[in-house]
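Some notes on the structure that comes next.
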Amino acid sequence: MAAHNTSMTCEGDYETEQKKQAAADVLFHYSQFIMVCIGEGVRPTDLRLHLMKEVSGMATSLTKEPQQAAASPDSSEPSSSGTTK
Numbered sequence: 025m026a027a028h029n030t031s032m033t034c035e036g037d038y039e040t041e042q043k044k045q046a047a048a049d050v051l052f053h054y055s056q057f058i059m060v061c062i063g064e065g066v067r068p069t070d071l072r073l074h075l076m077k078e079v080s081g082m083a084t085s086l087t088k089e090p091q092q093a094a095a096s097p098d099s100s101e102p103s104s105s106g107t108t109k
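Residue 25 is where the sequence shown starts when you use this note's numbering, and the numbers rise one by one after that.
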């Protein structure tokens with residue numbers, strides 16, 4: 025009986041190690057993806073939303089925001105004083 029328990033423990037340890045390695049692989053590949061997105065100028069909020077959708081199984085895509093819109097607010101928007109910026 026002791027030998028049977030030992031083999032089940034080894035099998036359980038092996039499965040646990042496989043799951044740990046699979047999780048580490050996923051994190052490694054996703055971190056590479058994140059670094060590319062950051063290099064391409066994808067906003068952190070879009071990355072978080074993408075991750076939440078991906079985890080929940082929803083369709084998702086990342087698009088790069090136009091540089092002008094990302095760099096400054098809309099210049100034709102009135103300011104709080106009522107004048108145009």
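Heads up, the beta-carbon is just placed ideally off N, CA and C, and yes, glycines get one too.
Distance between residue 60 and residue 54, taken at the CA atoms: about 10 Å.
When rounded, the separation of the alpha-carbon atoms in residue 46 and residue 40 is 10 Å. Non-local beta-carbon contacts of residue 58 in its own chain, meaning distances under 8 Å to residues more than five positions away in sequence, involve 71 in chain order.
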